[in-house]
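To start, the structure itself, in structure tokens.
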RNA sequence: UGCCUCGUGGCCAAGCGGUAAGGCACCACACUUUGACUGUGGCAUGCGCUAGUUCGAAUCUAGCCGAGGCAG
């Protein structure tokens, strides 16, 4: 059986490749490059501009070394235009509407588990594999054994067909074990730091990064309790609900958080205090819902990556969207994914469209 | 014009003769495949300015500058 594995140049995919070999598959590596700093005008806030070799190429070199060591071939494909069209454009359009998108979820849906798969099929793959921390058992998507690294949140927009031919070889390992294996095989990636930031792009100063694509739009910051103007913001797209840092307003005893936006008046609403009622809600409407299993209405959910599972109930609305009810949660943010779980089983997910409290849409969101 | 009060880091604010608390903001780091949240650390050789008194002043005195207030 032939498996094409996405090699990122990181430790996880390296070890995933090892495990596939151990399991007797014929393993073929495929490296993707989806972001180009100069083509994509990624200038402001880019910490790697002066590097002699860009991070994507450094990653490719690492992947190449690992593949050589493991004696597997490495192919390469660029989806720079496709990434822009399917992921980054979505990302920017969402930001323009004041929402907080999750580009990596769309990257998985349109790039890693679509275009990548098609490319793998060209190589006569029977299966494709990635270094995600997640498990597929009997066709069901389950959280990784290492709950701290679990990435099912990012896989919640995949459909069952996409999962059909996928293997997650390290989903049953802890991160520590993964590194131990890499170390044992003397892989160059064994001690490589986990990558963060938007997938394929990397760590950025977010405000400066966005300024490359979305111009500043200065407006008032208003205390939602007192309606007092407290200062100026530089553009609503630069802030997310529940955000504290970057507001640049001092003088208060308690911390201040972004809690709402008015697109038409270009107002950023803030509130004082981490427990301010304006930060809380008890219902949300979820759109673009994607179910693996829609039979369990009492379950749990995450509304943001790394949030603890929250007890929720859901029901269908007439338009096919889903109404989720929960008990007073903080900083639920339109544009972010809501992903449903029953224990470790991922039931599906969608995108937060509307946030509600006391049976009403929050007027300030 | 006279009298009174007040001027401490970006903001708020302790200290009131013994050698600059704290909070917010900001910065760095940790955490993290989404922008968070959270945590840890850093952040005034100087307290409007200039002279004095004193072993020693942000703290006392005088003048000046500035912000308020009362009287006219």
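Residue numbers (our numbering): 1127 to 1491. Backbone N, C-alpha and C define an ideal beta-carbon position, used for all residues, glycine too. What you are looking at is a predicted structure, and each value in this text was computed from that prediction instead of being measured.
Cα-Cα, which of the options is closest to residue i?
| i | options | result |
| --- | --- | --- |
| residue 1287 | 1465, 1216, 1239 and 1382 | 1239 |
| residue 1475 | 1491, 1451, 1455 and 1420 | 1420 |
| residue 1328 | 1236, 1143 and 1160 | 1160 |
| residue 1496 | 1469, 1196, 1184 and 1374 | This structure gives no information on residue 1496, because the portion of the chain shown stretches from 1127 to 1491. |
| residue 1247 | 1129, 1317, 1271 and 1284 | 1129 |
| residue 1152 | 1167, 1137, 1181 and 1193 | 1193 |
| residue 1224 | 1399, 1460, 1284 and 1489 | 1460 |
| residue 1479 | 1368, 1415, 1455 and 1399 | 1415 |
| residue 1222 | 1456, 1447 and 1388 | 1388 |
| residue 1431 | 1191, 1282 and 1235 | 1282 |
| residue 1142 | 1226, 1292, 1204 and 1207 | 1292 |
| residue 1462 | 1489, 1485, 1484 and 1433 | 1433 |
| residue 1370 | 1398, 1241 and 1251 | 1398 |
| residue 1417 | 1447, 1390, 1435 and 1394 | 1447 |
| residue 1190 | 1205, 1226, 1207 and 1134 | 1134 |
| residue 1390 | 1491, 1355 and 1322 | 1491 |
| residue 1346 | 1394, 1313 and 1301 | 1394 |
Which partner residues of residue i appear in the DSSP bridge assignment?
| i | result |
| --- | --- |
| residue 1439 | 1424 and 1451 |
| residue 1482 | 1409 and 1487 |
| residue 1081 | With the chain represented from 1127 up to 1491, any question about residue 1081 goes unanswered, as that position is not in the structure. |
| residue 1157 | 1202 |
| residue 1277 | Answer is none; residue 1277 lacks a bridge partner. |
| residue 1359 | 1345 |
| residue 1416 | 1475 |
| residue 1253 | 1129 |
| residue 1152 | 1128 |
| residue 1292 | 1254 |
| residue 1383 | 1397 |
| residue 1268 | 1261 and 1471 |
| residue 1463 | 1477 |
| residue 1445 | According to DSSP, which records beta bridges pairwise, residue 1445 is partnered with nothing at all. |
| residue 1456 | 1406 |
Using 8 Å for Cβ pairs, my map puts residue i next to residue j. What's the rounded Cβ distance?
| i | j | result |
| --- | --- | --- |
| residue 1315 | residue 1164 | The pair is not a contact, with the Cβ atoms about 26 Å apart (cut-off 8 Å). |
| residue 1269 | residue 1472 | 7 Å |
| residue 1294 | residue 1256 | 7 Å |
| residue 1212 | residue 1237 | 7 Å |
| residue 1411 | residue 1449 | 6 Å |
| residue 1171 | residue 1330 | 5 Å |
| residue 1408 | residue 1338 | In fact, because the Cβ distance is near 38 Å, the residues do not count as touching under 8 Å. |
| residue 1307 | residue 1144 | 6 Å |
| residue 1422 | residue 1468 | 5 Å |
| residue 1284 | residue 1234 | 6 Å |
| residue 1304 | residue 1138 | 6 Å |
| residue 1209 | residue 1332 | Wrong, their Cβ atoms sit about 18 Å apart, outside the cutoff. |
| residue 1320 | residue 1299 | In fact, because the Cβ distance is near 14 Å, the residues do not count as touching under 8 Å. |
| residue 1413 | residue 1477 | 5 Å |
Rounded to whole angstroms, what's the CA-CA distance from residue i to residue j? Just pull it up for me.
| i | j | result |
| --- | --- | --- |
| residue 1127 | residue 1427 | 36 Å |
| residue 1169 | residue 1335 | 7 Å |
| residue 1349 | residue 1396 | 5 Å |
| residue 1261 | residue 1297 | 5 Å |
| residue 1487 | residue 1451 | 13 Å |
| residue 1229 | residue 1324 | 7 Å |
| residue 1318 | residue 1353 | 48 Å |
| residue 1218 | residue 1340 | 8 Å |
| residue 1386 | residue 1344 | 16 Å |
| residue 1368 | residue 1400 | 9 Å |
| residue 1146 | residue 1254 | 11 Å |
| residue 1148 | residue 1220 | 43 Å |
| residue 1174 | residue 1182 | 10 Å |
| residue 1377 | residue 1357 | 12 Å |
| residue 1392 | residue 1489 | 14 Å |
| residue 1216 | residue 1166 | 15 Å |
| residue 1249 | residue 1436 | 42 Å |
| residue 1214 | residue 1251 | 28 Å |
| residue 1185 | residue 1425 | 39 Å |
| residue 1466 | residue 1482 | 18 Å |
| residue 1311 | residue 1484 | 57 Å |
| residue 1258 | residue 1227 | 21 Å |
| residue 1231 | residue 1355 | 36 Å |
| residue 1206 | residue 1313 | 28 Å |
| residue 1342 | residue 1470 | 42 Å |
| residue 1359 | residue 1242 | 40 Å |
I'd like to confirm something about residue i: is its beta-carbon nearer than 7 Å to some heavy atom of the ligand HEM, or not?
| i | result |
| --- | --- |
| residue 1248 | With respect to small molecules bound, the structure shown includes none, and the ligand HEM cannot be examined in it. |
Cβ contact check for the region 1259-1279 and the region 1354-1365: 3 or more pairs under 8 Å: no
The region 1398-1411 contacting the region 1255-1267, beta-carbon criterion three pairs below 8 Å: no
Inter-stretch contact (C-beta, 8 Å, three-pair minimum) for the region 1378-1391 and the region 1439-1454: no
Inter-stretch contact at 8 Å, needing at least 3 Cβ pairs: the region 1151-1158 / the region 1200-1215: yes
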